[in-house]
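Participant:
Numbering (the numbering used here), first residue to last: 7 to 239.
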């Protein structure tokens, strides 16, 4: 299921906030298909959308606001993030800039990333898809964690994680803490190897493990246990 937020409960209205668009306001009559117009919508998960519609779906330019206040501002197609856009934190920090290929895939100057999860605290987690490798019975991948605002000067972190898919646990091998968004800017601190951690299935980071463990690794990306750790691209 890769629609933005499952079943939608649409409450379409016109208003001053939409006056800047060249498209007309969407009709308030829910029985009329909303297309080539601008309006707002509430979802069953507590989020909200403001922007263009086509065939009763989010389309064109718009803004989606998550329950925690994080916003995604950019382009939409058929109820999905698609095209240029950026998630913006509650404190108005741009967390990542790139081009969305679908609901979960974003292309940046650092490669193709999977938007794996979004915690209730406003943190976003991304996996570098091309970095997922099989190492013996384990898997490893580079992950970026975007903070909603600087935490002790850190706005984002880049980490190399090892995943034990059989036992549902992971180990953080190394972490670079950056001053800028999406692992950019000065590295202001560094963390070494941590102990293995088990992940309950309902925590945000568990979705990263599911993605990495289910990722179809190419034959050339399988390595024997004990092989050297590659540098993130």
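We put the beta carbon where it would ideally sit given N, CA and C, even for glycine.
Does the region 51-62 come within contact of the region 106-121, defined as at least 3 CB pairs closer than 8 Å?
Facilitator: No, they do not touch.
Participant: Whose C-alpha, out of 182, 188, 141, is nearest the C-alpha of residue 198?
Facilitator: Of the candidates 182, 188, 141, the one whose C-alpha sits nearest the C-alpha of residue 198 is 182.
Participant: Does the beta-carbon of residue 192 have 16 or more other beta-carbons within 10 angstroms, so that it is buried, or is it exposed?
Facilitator: Exposed, since its Cβ has fewer than 16 Cβ neighbours within 10 Å.
Participant: Following the continuous alpha helix (DSSP H) through residue 213, name the residue where it begins and the one where it ends.
Facilitator: Taken as a continuous stretch (DSSP letters only), the alpha helix (DSSP H) holding residue 213 covers 212-220.
Participant: Could you tell me the distance, in whole angstroms, from the CA atom of residue 164 to the CA atom of residue 189?
Facilitator: When rounded, the distance between both Cα atoms is 6 Å.
Participant: Along the chain, where does the beta strand (DSSP E) that runs through residue 67 open and close?
Facilitator: Here the beta strand (DSSP E) through residue 67 covers 63-71.
Participant: Would you mind reading off the limits of the beta strand (DSSP E) that contains residue 194?
Facilitator: Unbroken beta strand (DSSP E) run through residue 194: 193-197.
Participant: Just tell me which of 70, 77, 202 has its CA closest to the CA of residue 154.
Facilitator: Comparing Cα positions, the closest option is 77.
Participant: Here's the rule I'm using: 16 or more other beta-carbon atoms within 10 Å means buried, otherwise exposed. How should residue 95 be labelled?
Facilitator: Per the 10 Å Cβ criterion, buried.
Participant: Keeping to the same chain, check which residues put their C-beta closer than 8 Å to that of residue 43; ignore five residues upstream and five downstream.
Facilitator: Only 29, 30, 31, 32, 33, 58, 59 meet the Cβ criterion.
Participant: Short check: CB of residue 132 to CB of residue 149, under 8 Å?
Facilitator: The answer is yes: Cβ separation under 8 Å.
Participant: Cα separation between residue 117 and residue 35?
Facilitator: Between residue 117 and residue 35, the C-alpha separation is close to 44 Å.
Participant: Taking the Cβ atom as the reference point for each residue, do residue 152 and residue 162 lie within a distance shorter than 8 Å?
Facilitator: Closer than 8 Å, so yes.
Participant: For residue 204, count neighbouring Cβ atoms within 10 angstroms of its own Cβ and tell me buried if that reaches 16, exposed if not.
Facilitator: So residue 204 counts as exposed.
Participant: Have a look at residue 234 and residue 141 and give me their C-alpha separation to the nearest angstrom.
Facilitator: Legend: pLDDT at residue 234 = 40, less than 50; position of this residue unreliable, no value from coordinates given.
Participant: Beta strand (DSSP E) containing residue 166: first to last residue?
Facilitator: From DSSP, the beta strand (DSSP E) with residue 166 extends over 160-170.
Participant: Determine the direct distance from the alpha carbon of residue 61 to that of residue 79, and round the result to whole angstroms.
Facilitator: In a straight line, the C-alpha of residue 79 is about 21 Å away from that of residue 61.
Participant: Comparing alpha-carbon positions, which option in 221, 130, 47, 49 lies nearest residue 146?
Facilitator: Comparing Cα positions, the closest option is 221.
Participant: Give me the Cα-Cα distance between residue 47 and residue 167, rounded to the nearest whole angstrom.
Facilitator: Each residue's alpha carbon lies about 38 Å from the other.
Participant: How long is the line joining the alpha carbons of residue 130 and residue 187, rounded to whole angstroms?
Facilitator: Going from the Cα of residue 130 to the Cα of residue 187 covers about 11 Å.
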